[in-house]
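Protein chains in written order, with this note's numbering: chain E, 12 to 368; chain F, 12 to 368.
Beneath this line is the structure, given in structure tokens, with notes to follow.
There are 2 protein chains.
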Amino acid sequence: MKTDHLKSGIDRRALVSGLAALPVPSGSLLAQTRPQAQLQAPAAQDEPLPSWKDGPAKHAILDFVRDTTDQASPKFVPVEERIATFDQDGTLWVEHPIYTQVVYCLDRVPSVVAEKPELKEREPFKTVLSGDRDAIAKLSLDDLEAILSATLTGMPVDEFEAEASQWLATAKHPRWNRFYTDLAYQPMLEVLHYLRDNAYKTYIVTGGGQDFVRTYAQRIYGIPPEQVVGTMGGTKFGYDNNGKPFLTKEPKLLLNDDHAGKPEGIHLMIGRRPYAAFGNSTGDQQMLEYTGAGDGARLMMLVLHDDAEREYAYGPAQGLPNTRVGTFPQPLFGEAEKNGWTVISMKNDWMRIFAFE
Amino acid sequence: MKTDHLKSGIDRRALVSGLAALPVPSGSLLAQTRPQAQLQAPAAQDEPLPSWKDGPAKHAILDFVRDTTDQASPKFVPVEERIATFDQDGTLWVEHPIYTQVVYCLDRVPSVVAEKPELKEREPFKTVLSGDRDAIAKLSLDDLEAILSATLTGMPVDEFEAEASQWLATAKHPRWNRFYTDLAYQPMLEVLHYLRDNAYKTYIVTGGGQDFVRTYAQRIYGIPPEQVVGTMGGTKFGYDNNGKPFLTKEPKLLLNDDHAGKPEGIHLMIGRRPYAAFGNSTGDQQMLEYTGAGDGARLMMLVLHDDAEREYAYGPAQGLPNTRVGTFPQPLFGEAEKNGWTVISMKNDWMRIFAFE
């Protein structure tokens, strides 16, 4: 299968450095399915943003909502134009040591090989099956694309959704030993709810696969499938043996929803410029620029991971350790200062990171 | 500019036969801009579907809404899953003698040539400028694609939207001498409102250009840009001389949202299977099949243009005159009977066609 065009919006260099930290394969598909915790958000009548410390980040959000929802404000925004977009990995949930979707793809390899035994002795599947982390970390970009293609495409849409849902119900993050879906940031869940309580339509705009994120976005973030903008692959309409129509996921990239692809994806899927945009890395810069280029009040925010104790610390902005997964370099910090974007310090602005704390 | 991949979802054979009926170029861009009439829909408390005659088509709609919104019904559908999709050309508004978007493209040729004088003596632009209907009707498919590409791509997204809006505010349909946007079908506007009053999210799923239809869908149909699924072209993110970011429409086809492309577009943009789908031609068959393949109550309807007096009569189903613009062949009629889809007779089911009657 030709996979040149399947990139899934992930910075592929990032994969290589992040993979070494993984337990692979996790075998979690064999574990028992359990119900997942629902993260709770505050009711509308409560004080907004209870997990946020009083400070410039919290005030930027409160001021923006006040200015754009007060009919007497010169910056009032009509309800139908209230669009807010959120990057996912590193902005709404944990992205270290490596993107959750990549863990999924690697975990899926044994199942794919079980269905296609001829892959067992073929690279890169053989290396993934070996569980040799060092060897996996050395896989080439073409190898990684072959893994993404084999695990994310070629199956009916419904089958993919069922497989991804099953995985999410069992796989756990190695550091916290918790479901990945428990690792959404409580302060960001509060922002989502607060904006929705004020008639904002909240969208995810992610470099991750659109169909993957859709499988859990409603449950975790309260965001329905039609409000998930992600890296988009083609599907193919066809009929089964009984004449029943179905869609198959194709290894054809329609849009890499990262960097410049984010505003392009926003135009494609939403057709409006957001009033608020949240990100955490270079892949979000163009989305924030595009949002900020609109008239009136606009809110642009970047999450800085500066809390190694409660989550992770990486930049390399502000002298934080470097990373290739969710890079926040110093020039992006400079852009934020220049353009009036607010940088959220996980350490200083968030009273708690996760609902389970 | 290479235009192989720009097709705009229009059956190109249809263009050739329909073009002969057109006044080209209309020169309507020179006319004065006037406010357009807003089509009125009934308030929620009124009797639903007042422009529909009592009969099987009206009852199919009423029964579907009753069954899917009554909590006590075994066919009850949760609010968040209530999705209804509507083809546009020939289903929501007039598509004869030729698609409105094609009229727009031909009308735009003089402006494009004014900006690029080198095109004046070059085909196919020279022929379009000549106003010779017979010659225009004989343009090749490649010629027509060159016209679509030159008039629909290459400009900033905002500029395209402004141009299309200006055109819609001035251009008129030759038969009724009314704005194209006045030619929405009043009974279908009532269906849109009735479904929305019952918490259905209404989408347009059109073979026409997504960005073109978005320019008027909110005003005419009450459908916001993010609920318009159409033939999708790529955009390119960039910066102007002042460093301000903007998007340019590219001659790159992402999805031809017609025939099998309709369910593919629905999955891409909505990520859910509709509970109701409305169309009028072969291009809608797969959307109705995909809708009908779901569990529970599903509503599939096809508009049959059998009213030459008040609108147009074409099929060739049921002995109506043949056409290549919005073809409804007898086999599609057979599919409707076999699958339990309801065929709407414009003549017998609709008391009036337009709000202005």
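Ideal Cβ positions, reconstructed from N, Cα and C, are used throughout, including at glycine.
Since we're looking at a predicted model, the values are computed, not measured.
Neighbours of F/PHE248 in chain E, taken as residues whose beta carbon is under 7 Å from its own, are ALA271, PRO274, GLU275 and GLN297 in chain order. Taking 8 Å as the upper bound for CB-CB distance, F/HIS270 and F/GLN297 are in contact here, some 6 Å apart. Under the 10 Å beta carbon count, E/GLN197 is surrounded by 16 or more other beta carbons and is classified as buried. The segment 253 to 317 of chain F is shown to contain whole alpha helix (DSSP H) runs of 4 or more residues at 272 to 280 and 296 to 303, in chain order.
Assigned with DSSP and collapsed to three states, F/VAL113 falls in helix.
For the segment 280 to 297 of chain F, the residues whose beta carbon sits under 8 Å from a beta carbon of chain E are, in order, MET280, ILE281, GLY282, ARG283 and GLN297. Sixteen is the threshold: when 16 or more other Cβ atoms of the shown chains lie within 10 Å of the Cβ of F/GLN238, as they do, the residue is buried. The three-state secondary structure of F/VAL76, taken from DSSP, is helix.
Contact annotation: E/PRO256 and F/TYR214 have beta-carbon atoms that are not nearer than 8 Å. In this structure, F/ASP317 sits near F/LYS358, with a CB-CB distance shorter than 8 Å. Going by DSSP, F/LYS137 is part of the alpha helix (DSSP H) stretching over 136 to 141. In the three-state DSSP reduction, E/MET199 falls in the helix class (H, G or I). Excluding residues up to 5 positions away in sequence, HIS316, LEU331, PRO332 and THR334 lie with their Cβ nearer than 6 Å to the Cβ of E/TYR325 in the same chain. From the beta-carbon of E/LEU315, no residue of chain F is found nearer than 8 Å; the closest lies around 23 Å away.
Per the Cβ contact rule, the segment 90 to 103 of chain E is in contact with the segment 275 to 292 of chain E (3 or more Cβ pairs under 8 Å).
Contact between E/GLY276 and E/TYR110 is absent: CB atoms are separated by about 17 Å, not below the 8 Å threshold. Per DSSP, the continuous beta strand (DSSP E) segment holding F/ALA95 begins and ends at 94 to 97. With contacts defined as CB atoms closer than 8 Å, E/ALA195 and E/TYR232 qualify as a contacting pair. The Cβ neighbour count for F/ASP65, taken over all protein chains shown within 10 Å, is under 16; the residue is labelled exposed. At least 8 Å separates the beta-carbon of F/LEU152 from that of F/THR226. Annotation: E/LYS131 is outside any alpha helix (DSSP H) and is labelled neither H nor E by DSSP. Residues ILE94 of the same chain have their beta carbon placed closer than 6 Å to that of F/ARG283, with the five preceding and five following residues left out of the count. Neighbourhood of F/PRO236 in chain E, by CB distance below 8 Å: ILE281, GLY282 and ARG283, in chain order.
Taking a cut-off of 8 Å on C-beta distances, the segment 149 to 165 of chain F touches the segment 112 to 130 of chain F, as three or more cross pairs fall below it. Residues of chain F whose Cβ lies closer than 9 Å to the Cβ of E/MET243 are, in chain order, LEU265 and LEU279. Between the segment 305 to 315 of chain F and the segment 81 to 89 of chain F, the count of Cβ pairs shorter than 8 Å is three or higher; the stretches touch. At a Cβ-Cβ threshold of 8 Å, E/ILE355 and E/MET312 count as neighbours. If you draw a straight line from the Cα of E/GLY245 to the Cα of F/THR192, it comes to about 33 Å. Rounded to whole angstroms, the separation of the alpha carbons of F/HIS204 and E/ASP154 is 51 Å. One Cα belongs to E/GLN341, the other to E/GLN329, and the distance between them is close to 7 Å. Bounds of the beta strand (DSSP E) holding F/PHE248 are 239 to 250. Where E/SER84 is concerned, there is no enclosing beta strand (DSSP E), because DSSP gives it neither an H nor an E. Sorting E/ARG144, E/THR242, E/GLN112 and E/ALA157 by C-alpha distance to the C-alpha of E/ARG133 places E/ALA157 at the top. E/LEU60 and F/LEU200 have their C-alpha atoms roughly 41 Å apart.
Of the other Cβ atoms in all chains shown, 16 or more fall within 10 Å of the Cβ of E/ASP268; this residue is therefore buried. In the displayed model, E/ASP100 falls within a strand according to three-state DSSP.
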